[in-house]
Structures are given as C-alpha cells and as structure tokens.
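All residue numbers for the sequence shown refer to the working numbering, where the first residue is 111 and numbers rise by one.
Take a look at the structure below.
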Amino acid sequence: QWVFGIVDVERRIGYVTEVARRDRATLIPIIKKFVKPGSSVVSDEHKAYLSLRHEGYIHQTVCHSRHFVDPVTGA
Numbered sequence: 111q112w113v114f115g116i117v118d119v120e121r122r123i124g125y126v127t128e129v130a131r132r133d134r135a136t137l138i139p140i141i142k143k144f145v146k147p148g149s150s151v152v153s154d155e156h157k158a159y160l161s162l163r164h165e166g167y168i169h170q171t172v173c174h175s176r177h178f179v180d181p182v183t184g185a
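Now the structure itself:
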C-alpha cells in the first residue's frame with residue numbers, strides 16, 4: 111500500500127492518504143486540491159511530479175539517492 115503526504119512547513123499542518131497508484135493521474139489532483147497554485151512544492155525526482163510547473167507551482171526537487179536536502183538549492 112502506498113501512502114502520499116503533503117506538509118505545509120510554515121503552518122505545520124499536513125495531509126496523508128493511502129493511494130493505489132503513484133502516477134501523475136493520482137497524485138497531481140491531490141496536490142491541486144490541497145496546495146494553492148503559486149506555492150512552492152519540494153519533491154523527490156519521481157516522474158509523476160514533472161508537470162507541477164505547468165500546473166502553476168514553483169517546483170524544486172531533491173535526488174534522495176544523493177541527499178536528503180539538496181546542498182545547493184536547499185530543497
């Protein structure tokens with residue numbers, strides 16, 4: 111079972127849900143429901159998130175196989 115979560119680090123609140131799939135068609139609608147366009151979104155490099163910039167978000171990524179936090183961008 112996959113679990114998907116969103117955390118607002120400023121307000122210290124979050125949302126977690128079970129998802130059957132980790133694809134764009136599943137995850138992007140959840141993000142759009144809970145995250146305002148124009149917000150900064152930090153994610154791993156999973157291909158499901160590739161469209162976030164086109165959806166109106168400021169999107170930064172981190173490659174978790176190299177870092178937990180990107181040392182250059184802070185993502």
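We put the CB at the ideal spot given by N, CA and C, even for glycine.
Asked	Found
Backbone secondary structure at T127 - three-state DSSP	strand
Residues that DSSP places opposite V117 in a beta bridge	G124
Beta-ladder partner(s) of H169, from DSSP	V151
C-beta atoms of S150 and Q170 nearer than 8 Å	yes
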